[in-house]
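Going down the list, the protein sequences come from chains A, B and C.
Following our numbering, the numbering of the first sequence begins with 625 at its first residue and continues without gaps.
Following our numbering, the numbering of the second sequence begins with 625 at its first residue and continues without gaps.
Following our numbering, the numbering of the third sequence begins with 625 at its first residue and continues without gaps.
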Amino acid sequence: METIKIKTNKSQEIIDITHTIAEKIKELKVKDGVCFIYSPHTTCGVAINEGADPTVKKDIINKLNKFIEPEDNYLHLEGNSHAHIKSVICGNSVSVFVENYEIMLGRWQSVYLMEFDGPRNRELWIKIIN
Amino acid sequence: METIKIKTNKSQEIIDITHTIAEKIKELKVKDGVCFIYSPHTTCGVAINEGADPTVKKDIINKLNKFIEPEDNYLHLEGNSHAHIKSVICGNSVSVFVENYEIMLGRWQSVYLMEFDGPRNRELWIKIIN
Amino acid sequence: METIKIKTNKSQEIIDITHTIAEKIKELKVKDGVCFIYSPHTTCGVAINEGADPTVKKDIINKLNKFIEPEDNYLHLEGNSHAHIKSVICGNSVSVFVENYEIMLGRWQSVYLMEFDGPRNRELWIKIIN
Numbered sequence: 625m626e627t628i629k630i631k632t633n634k635s636q637e638i639i640d641i642t643h644t645i646a647e648k649i650k651e652l653k654v655k656d657g658v659c660f661i662y663s664p665h666t667t668c669g670v671a672i673n674e675g676a677d678p679t680v681k682k683d684i685i686n687k688l689n690k691f692i693e694p695e696d697n698y699l700h701l702e703g704n705s706h707a708h709i710k711s712v713i714c715g716n717s718v719s720v721f722v723e724n725y726e727i728m729l730g731r732w733q734s735v736y737l738m739e740f741d742g743p744r745n746r747e748l749w750i751k752i753i754n
Numbered sequence: 625m626e627t628i629k630i631k632t633n634k635s636q637e638i639i640d641i642t643h644t645i646a647e648k649i650k651e652l653k654v655k656d657g658v659c660f661i662y663s664p665h666t667t668c669g670v671a672i673n674e675g676a677d678p679t680v681k682k683d684i685i686n687k688l689n690k691f692i693e694p695e696d697n698y699l700h701l702e703g704n705s706h707a708h709i710k711s712v713i714c715g716n717s718v719s720v721f722v723e724n725y726e727i728m729l730g731r732w733q734s735v736y737l738m739e740f741d742g743p744r745n746r747e748l749w750i751k752i753i754n
Numbered sequence: 625m626e627t628i629k630i631k632t633n634k635s636q637e638i639i640d641i642t643h644t645i646a647e648k649i650k651e652l653k654v655k656d657g658v659c660f661i662y663s664p665h666t667t668c669g670v671a672i673n674e675g676a677d678p679t680v681k682k683d684i685i686n687k688l689n690k691f692i693e694p695e696d697n698y699l700h701l702e703g704n705s706h707a708h709i710k711s712v713i714c715g716n717s718v719s720v721f722v723e724n725y726e727i728m729l730g731r732w733q734s735v736y737l738m739e740f741d742g743p744r745n746r747e748l749w750i751k752i753i754n
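In structure tokens, the structure reads:
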């Protein structure tokens, strides 16, 4: 298992980690397999979506905040229930294919760390199965 | 890695692809493993849910449109931000078990392609690990 | 493929199944791999999130019920459309890493069965790939 460290800078932020993941996959020298990218946290998520236009990321954060409001009558007293809920619906891991030692992504796809309760020092765990 | 091609016919549509996936798994002649079904797109999703009653699919699309409205003050100018957001929360891949060369699904489960920005020619990538 | 049985007690309930999964993984004596936890149902989900404070679970259920209301003008006549929709957005499977024969989870993470249409007798399918 490999670990990647990511420092987030805002309370809510979608960070494109495609390059970091792609480099790590190359390093691991697996010709063919499936790579698992796993967040060990409970207030951020991992997702794959459009990386070209930065407005997409803003629209995702804005809309999630509309139906999972950061401030509400939550019972959990740490003030980050919304981040736990978003983490559950986005998911805390993704899998991507590896072929010829390289990550396989669709033309418009990027791998995202979804920060919902930052800024924090996050890590992701990586494992490839062949 | 295998590729399956699916033509969608509506702007939003849930298509049952169980049969196509099951056939592809049989073709690949893997006795025991996990099959990954991966969408390389950013405005559709892949999910597993009830296939028996077609009203379930309609209820899913209708409700998603209630809290992720197709038209809103989105910043992304292509008019499909709602589809990106739905793709993030549904996820762009699923995994199913393979035993005795066959897909393992629960009694009521079907594999769905979730089209949120069609009609389009979509493809899914398939890989089995044993 | 292994099977775990879980009896749920309420119509909606988040059940911490970490201990059961961890024990099953130990039993399977796989030194290093990825464990897949798969729900063969269509009205419950599987997720990984915070296990320490029980109010987080309540906040998740309460908020999901706000934007995916149990009662609405659903077309599906069984009265559980909300549960199908929640199952789609939470997902029906998770994967966790196995190292030195043990489940790898983040400090605050628990594995959850998300019951959206109980009480029922549920089962989860488990497979480890190394």
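Even glycine gets a Cβ: it sits at the ideal position worked out from N, Cα and C.
Drop a sphere of 10 angstroms on the beta-carbon of residue i, count the other beta-carbons inside from all chains shown, and report buried for 16 or more, exposed for fewer.
i: K766/A; result: Here chain A has residues from 625 to 754 only, and residue 766/A is not among them.
i: L748/B; result: buried
i: N745/A; result: exposed
i: M625/C; result: exposed
i: E674/C; result: buried
i: L688/B; result: buried
i: N704/C; result: buried
i: I681/A; result: Correcting the residue type first, residue 681/A is Lys in the shown sequence and not Ile. The residue in question, K681/A, is buried, as its Cβ has 16 or more Cβ neighbours within 10 Å.
i: E726/C; result: exposed
i: N716/A; result: buried
i: E739/C; result: buried
i: D696/A; result: exposed
Can you pull the chain B neighbours of residue i, defined as C-beta to C-beta under 7 Å?
i: L699/C; result: T679, K682 and D683
i: K687/A; result: I692 and I709
i: E637/A; result: Chain B residues near E637/A: none, gap ~14 Å exceeds 7 Å.
For residue i, return the contacting residues in chain C, with the cut-off set at a CB-CB distance below 7 Å.
i: Y662/A; result: F721
For a contact meaning CB atoms closer than 8 Å, what does residue i contact in chain C?
i: V735/B; result: The contacting residues do not exist; V735/B stays about 11 Å from chain C at best.
i: K751/A; result: V658 and F721
For residue i and residue j, what's the separation of their Cα atoms in angstroms?
i: K634/C; j: V735/A; result: 37 Å
i: K655/A; j: S663/B; result: 21 Å
i: I685/C; j: K653/A; result: 43 Å
i: C714/C; j: H708/B; result: 17 Å
i: D677/A; j: D683/A; result: 11 Å
i: L699/C; j: E637/C; result: 24 Å
i: H706/A; j: V718/A; result: 21 Å
i: N724/B; j: E651/B; result: 12 Å
i: E693/A; j: A646/A; result: 34 Å
i: K629/C; j: L701/B; result: 48 Å
i: T644/B; j: D741/B; result: 22 Å
i: W732/C; j: V670/C; result: 17 Å
i: C668/A; j: V712/A; result: 9 Å
i: K690/B; j: T679/C; result: 27 Å
i: T728/C; j: V720/B; result: Residue identity differs from the one stated: residue 728/C is Met in this sequence, not Thr. Between M728/C and V720/B, the C-alpha separation is close to 21 Å.
Determine, using beta carbons only, whether residue i and residue j come nearer to each other than 8 Å.
i: I750/B; j: K648/B; result: yes
i: G730/A; j: T642/B; result: no
i: F660/A; j: V658/C; result: yes
i: I639/C; j: L737/C; result: yes
i: P743/B; j: T632/B; result: yes
Give me the chain B residues within the contact set of residue i, using Cβ-Cβ distance strictly less than 9 Å, ordered along the chain.
i: A671/A; result: S711, V712, I713, G715 and N716
i: E674/A; result: T666, T667, H700, H708 and S711
Please list, in chain order, the chain C residues whose beta carbon lies closer than 9 Å to that of residue i.
i: L729/B; result: P664
i: M625/A; result: D656, F721, E723 and M728
Regarding residue i and the ligand FAD, is the C-beta to nearest heavy atom distance less than 7 Å?
i: I709/C; result: Only the bare structure without any ligand can be found here, which leaves the ligand FAD out of the picture.
Start-end ranges of the alpha helix (DSSP H) lying completely within the region 660-738 of chain A, minimum 4 residues:
Qualifying alpha helix (DSSP H) stretches, in chain order: 678-691 and 705-714.
Minimum length 4: unbroken alpha helix (DSSP H) runs contained in the region 625-666 of chain B
You should have 642-652.
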